[in-house]
Amino acid sequence: MKVAIANRGEVAVRIIQACRELGIQSVLLHSECDMRSRAYRMSDEQVCIGPANVKDSYLNVESVIRGAIASGANAIHPGFGFLSENAEFAELCLKNNLEFIGPSPHSIRAMGDKVSARALMQKAGVPVVPGYQGEDQKNETLLNEAKKISFPVISKAANGGGGRGIKIIRSEKEFASMIESAKREANAAFGSERIFLEKYIEGAKHIEFQIFGDCTGRIFHLFERECSVQRRHQKIIEEAQSPSLNDEIRNQMSEAAVRAATAVQYRGAGTVEFLFYDNKYYFMEMNTRLQVEHPVTESILNVDLVKAQIRTAQKKPLTWIQKNIIPRGHAIECRIYAENPYVGGAPSTGVLGTCIFPEGPGRRFDFGFERGDEITSYYDSMIAKVIVWDENRDRCIEKMLRTLDETVIFGVYTNIPFLKEILNHFEFRSGQMTTQFIEKYFSEPLPAIELTEEEKIFSEKMLQTMTSPSAIAEIGSAASPWGHFWRNV
Amino acid sequence: MKPFAEMVGQRLWVHINGKTFVYETSGSKKRKTSAGEADKRDIAAPMPGKITDVLVKPDDRVSKGQVLVVMEAMKMEYTLKAERDGIIAEIRCSVGGQVNAGDILICLR
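As given, the protein sequences belong to chains A and B, one line each in that order. Take the first sequence: its position 409, counted from the start at 1, is 848 in the working numbering, and no numbers get skipped. Take the second sequence: its position 5, counted from the start at 1, is 68 in the working numbering, and no numbers get skipped.
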């Protein structure tokens with residue numbers, strides 16, 4: 440097998456690592472502006488599939504397929520985002536004798552249309568949130584339905600996923616403008632204006648179950664992750680397991696997740712997302728792909744989901760036995776976004792300087808960019824993920840704080856200060872946080888950073904040393920990484 | 064962990080006591096780059112991106128909090144609101160246009 444990777448950044452690196460361990464050649468299908476990235480350097484072969492703009496490269500189905508064929512690959516791993524949940528793309532791969540590393544186009548389609556997925560789940564006996572999923576998309580009809588459901592309602596893209604195209608509408612007054620914006624966003628992100636409405640359950644938790652279908656048709660569940668810490672429906676911190684489930688409800692939910700996957704003859708890695716409120720759960724959607732937060736599941740179960748995906752595509756059965764899949768300890772993932780936490784999370788772009796990902800027991804860093812690589816505004820601002828494991832949740836939080844303290848990224852602002860505030864927050868510590876957590880406690884940008892006398896003195900000294908004419912001469916050529924790197928001067 | 068610093072481009076990045084920041088000398092005024100610090104009369108792009116909608120015309124009267132411009136950046140939609148009551152003096156962007164961080168999009172008077 441030779442795997443073409445239709446993705447970028449840290450997930451491309453993750454797939455390359457899995458390929459290497461399985462002795463499989465990897466080909467990175469990349470855009471013109473991703474030639475300075477870790478995945479580019481790590482992959483065995485590279486094929487440029489178009490300009491920076493995603494429409495011309497990562498979302499351009501024909502370019503991706505052509506690139507894969509040209510490289511002699513016989514399989515495509517779509518990662519997450521981009522074409523990972525595009526059934527037409529999966530079909531086209533198969534037509535071109537490229538194995539699609541993921542579920543069948545049928546499963547993608549059944550779950551990708553969020554409207555039919557809801558109906559399917561109801562039939563399979565999985566509880567869903569009250570809502571409107573009709574074909575009539577006139578604003579007037581939608582408004583009437585919203586009133587029937589009662590405000591607040593949430594509007595989602597029928598073809599959507601990953602938090603994009605979602606709007607919470609609190610009153611009739613703002614309905615018209617919000618619906619227009621929701622349709623526009625849905626169209627821009629997923630190529631269809633169609634939306635559906637659901638009752639917005641305030642104060643719910645986001646809990647999802649990892650499931651996996653192997654090539655023999657067996658479906659496993661790999662326990663849950665809690666991803667309640669979200670901003671604008673983008674997850675920021677995820678953990679496994681959830682601090683909120685008891686064994687009884689956990690069993691019920693895992694059975695529901697397996698029923699959901701079975702209903703679409705699921706193969707490969709998938710995630711069934713639930714809202715959890717008042718000890719009741721409601722199906723939200725199923726993501727028919729690898730999730731960004733898959734490492735926390737890998738950490739507590741000692742499994743490798745990406746290798747399992749590839750083996751499944753090779754038609755090799757997994758050696759897992761459900762009753763032997765037993766969680767151990769606790770894992771947390773923090774997503775590092777290139778954004779400025781002091782101006783409300785505005786994306787930050789630029790060339791990276793020194794980056795230090797401090798290794799240690801139970802620490803894992805999935806990162807796609809290093810010194811000299813450029814973070815541009817063409818793509819998602821997530822540049823790395825930090826995952827830690829420890830014996831229990833409290834220690835895990837402590838370890839994450841320590842790890843983030845030692846993590847250094849120069850050249851762009853990151854949300855690390857924001858992550859640390861969250862990890863130190865009493866509600867996060869208590870495990871009671873809901874999807875309202877960020878808007879409730881962190882609606883304002885972080886206050887400007889305060890420097891102690893010691894920090895000012897150090898910085899001022901460094902500034903003077905480094906900007907003096909002799910220092911610039913001494914730093915010398917940019918080719919030496921150590922020239923820029925002054926420790927404890 | 065020992066503190067250290069590095070010049071990246073023209074700016075000094077410092078990591079000390081678990082904090083990472085850009086240090087600009089205490090002697091001179093900080094450069095204003097972000098929308099948060101900009102004049103409240105002007106609406107500036109907080110990030111590079113594409114304008115997806117302009118909801119006002121010149122001479123429109125707007126109130127604080129009203130959405131003026133919608134832009135898309137890094138695959139998300141952002142709404143830019145009036146920071147005070149006023150009248151639209153000038154619109155310096157158009158739907159579909161690319162803008163850079165800090166570009167003035169709308170002037171109020």
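Note that beta-carbon positions come from the ideal geometry of N, C-alpha and C, so glycine has one too.
Contact note: E845/A reaches chain B through M64, using a C-beta cutoff of 7 angstroms and chain order. Those residues of the stretch 786-800 of chain A placed with their C-beta closer than 9 angstroms to a C-beta in chain B are P786, S787, T788, G789, V790, L791, G792, T793, I795 and P797, ordered along the chain. Q669/A counts as buried, since at least 16 other C-beta atoms from the protein chains shown sit within 10 angstroms of its C-beta. DSSP, reduced to helix, strand and coil, places M70/B within a strand of the structure shown.
Close to M440/A, with beta-carbon spacing below 9 angstroms, lies no residue of chain B; the smallest spacing is near 31 angstroms.
Look at the beta carbons and you see the stretch 569-581 of chain A touching the stretch 623-635 of chain A: at least three pairs across the two are nearer than 8 angstroms.
Taking 9 angstroms as the threshold, the shortest C-beta distance from K82/B to chain A falls below it. It is roughly 13 angstroms from the alpha-carbon of D166/B to the alpha-carbon of M134/B. If you draw a 10 Å sphere on the C-beta of F865/A, you find fewer than 16 other C-beta atoms in it, and that means exposed. Beta-bridge partners of D829/A (DSSP): H769/A. When C-beta distances to chain A are compared with 8 angstroms, the residues of the stretch 121-139 of chain B below that value are V130, V133, E135, A136, M137, K138 and M139, in chain order. Note on geometry: alpha-carbon atoms of E530/A and R810/A lie some 38 angstroms from one another. Taking 9 angstroms as the threshold, the shortest C-beta distance from G656/A to chain B does not fall below it. Within the DSSP secondary-structure output, R803/A pairs in a beta bridge with I826/A. Collapsing the DSSP output to three states places Y86/B in a strand.
In the three-state reduction of the DSSP assignment, T846/A falls in the coil class. Counting along the chain, the unbroken beta strand (DSSP E) around E663/A starts and ends at I658 to R670. Here S631/A is actually not in contact with I608/A; their C-beta atoms are around 19 angstroms apart, not less than 8 angstroms. Taking the beta carbon of I79/B as reference, the chain A residues within 7 angstroms of it are E894 and F897, listed in sequence order. By the C-beta density criterion, V119/B is buried, having at least 16 other C-beta atoms within 10 angstroms. The criterion of a C-beta distance shorter than 9 angstroms is satisfied by M481/A and I455/A. T115/B is bridged by DSSP to nothing; it lacks a bridge partner.
DSSP, read as helix, strand or coil, puts A785/A in strand. Under the three-state reduction of DSSP, D495/A is assigned to helix. Within chain A, no C-beta atom comes less than 7 angstroms from the C-beta of A152/B; the nearest is roughly 23 angstroms away.
Residue nearest to H672/A within the set E899/A, E892/A, Q875/A and L858/A is Q875/A (criterion: CA-CA distance). Nearest to K674/A by C-alpha distance, out of M550/A, E772/A and G564/A, is E772/A. The alpha carbon of Q161/B has as its nearest neighbour, out of A68/B, K113/B, I169/B and L143/B, the alpha carbon of K113/B. Contact annotation, L791/A with I848/A: C-beta distance approximately 7 angstroms; criterion of less than 8 angstroms satisfied. Chain-order list of chain A residues neighbouring V162/B: empty, with the shortest C-beta distance near 10 angstroms, by a criterion of under 8 angstroms. Neighbourhood of I848/A in chain B, by CB distance below 8 angstroms: T83, in chain order.
Between D116/B and I151/B a beta carbon distance of about 15 angstroms is seen, past the 8 angstroms cut, so the two are scored as non-contacting.
Interface with chain A (9 angstroms Cβ-Cβ cutoff): G72/B is included. Taking 4 residues as the minimum length, the alpha helix (DSSP H) runs contained wholly in the stretch 829-901 of chain A are 832-845, 855-863, 865-869 and 876-880, in order along the chain. Take P766/A, set aside five residues on each side of it, and the residues of its chain with a beta-carbon closer than 8 angstroms to its own are F662, A679, Q680, I739 and L740, in chain order.
Comparing C-alpha distances from E140/B to each of M110/B, I79/B and F67/B shows the shortest one belongs to M110/B.
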